[in-house]
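Undergrad:
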Amino acid sequence: MLLSIENLQVSYGKIKALHGISFHIDEGEIVCIIGANGAGKSTTLRAISRMVPVERGSKMTYKGENLLDYSADKVVSKLGISHVPEGRRLFGNLTVMENLVLSAFSRKDKKEIARDIDRVFGIFPRLEERKTQKAGTLSGGEQQMLAVGRAFVSARKLMLLDEPSMGLAPLLMLSVFDALKAINKEGTTILLVEQNARMALQFSQRGYVIETGNITMKGKSSDLLNNPDVKKAYLGG
């Protein structure tokens, strides 16, 4: 088991966002979490990457290591967990290449960094065409490609993806997901949070449904796609 989450609880002031959820991810898997806006999907990823505090009784382990012993920066540099947040959060005044180089700040293996950047350009040829262009001037799809590429260069053992399809035209969305499949085949485990439930379930092997901070369903993605309750709530009937 690569990542184990047990009884994860998070609150924002007096508002309980997560009510003790539990799930796991095995190495090499693509796992998705689907649910409505405000269900707790993004909070789950932020908790794993140590960007929000968790409550007493919460347990998170990664390769047997206690995630609660690590700060957010060490989650990336020491454990190899990268987070592609909702909204991409790129450095808009820096070029594509500068964003990729900066994402490797904690790495010392220059040859491997150069190889990974070349691989990003192989996966996303459009980024290579625009490597000297400021990130803030890229299209939405190109910015999403750069956000994924940056995570690939920074740490690529486990990638946390928050709404990667948001704002993308259908063809660009398919292009991004095809690239993510290629990244997964090269050894990166992926945890995906998505409001586009159909795309998420078609892309992943297993899935969890979260509602108001609780996991209400789980199983193989193919089974969830055919579940009448999931169809009614998230797949348009």
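Numbering of the sequence shown is given in the numbering used here, commencing with residue 131 and proceeding in unit increments.
Idealized CB from N, CA, C, for every residue including glycine.
Quick check on the DSSP output: what are the complete beta strand (DSSP E) runs of length 3 or more inside the region 197 to 226, in order along the chain?
TA: Runs of the beta strand (DSSP E) inside the region 197 to 226: 211 to 214.
Undergrad: Between M347 and the ligand NAP, is there a pair consisting of the residue's CB and a ligand heavy atom that are separated by less than 6 Å?
TA: Only the bare structure without any ligand can be found here, which leaves the ligand NAP out of the picture.
Undergrad: Does M131 pass the burial test, meaning 16 or more other C-beta atoms within 10 Å, or should it be called exposed?
TA: exposed
Undergrad: Between which residues of its own chain and E341 is the CB-CB distance below 8 Å, once the five residues before and five after are set aside?
TA: Excluding residues within five positions, the ones whose Cβ falls inside 8 Å are G165, A166 and A169.
Undergrad: Quick test of your reading: Q335 and I160, contact by CB under 8 Å. State the CB separation rounded to the nearest angstrom.
TA: That pair is a contact at about 6 Å.
Undergrad: Once DSSP output is grouped into helix, strand and coil, what is the label at E195?
TA: strand
Undergrad: Classify I247: buried if its beta carbon has 16 or more other beta carbons within 10 angstroms, exposed otherwise.
TA: Buried, because 16 or more other Cβ atoms sit within 10 Å of the Cβ of I247.
Undergrad: Please work out which residues of its chain come closer than 6 Å, Cβ to Cβ, to R286, disregarding the five sequence neighbours upstream and downstream, and give them in chain order.
TA: Excluding sequence neighbours, R286 sits near T318.
Undergrad: What is the DSSP secondary structure of K264, counted as helix, strand or coil?
TA: strand
Undergrad: Scan the region 282 to 326 and note each continuous beta strand (DSSP E) run of 3 residues or more that stays entirely inside, going in chain order.
TA: 288 to 292 and 319 to 324
Undergrad: Can you tell me whether DSSP reads G187 as helix, strand or coil?
TA: coil
Undergrad: Considering only the alpha carbon of each residue, which of Y364, V184 and I211 lies closest to L290?
TA: I211
Undergrad: Looking at K264 and M227, is the spacing between their C-beta atoms short of 7 Å?
TA: Against a cut-off of 7 Å, the Cβ pair of K264 and M227 comes out as no contact.
Undergrad: If you reduce the DSSP assignment to three classes, tell me which class T342 lands in.
TA: coil
Undergrad: Is the beta carbon of L148 sitting closer than 7 Å to the one on Q139?
TA: yes
Undergrad: Which whole-angstrom value is the C-beta distance of I253 and A312, which I expect to be below 8 Å?
TA: 6 Å
Undergrad: Does DSSP put S131 in a helix, a strand or coil?
TA: Note on identity: in this sequence residue 131 is Met, with Ser being the wrong assignment. Coil, per DSSP.
Undergrad: Using C-beta distances below 7 Å, list every residue in its chain close to V250, excluding the 5 sequence neighbours before and after it, in chain order.
TA: L230, L257, G279, F282 and V283
Undergrad: Can you tell me the Cβ-Cβ gap for G266 and G222, rounded? I've got them flagged as a contact below 8 Å.
TA: 3 Å
Undergrad: Give the single residue among L321, L355 and A363 whose Cα lies nearest to the Cα of V214.
TA: Comparing Cα-Cα distances from V214 to each of L321, L355 and A363, the minimum goes to L321.
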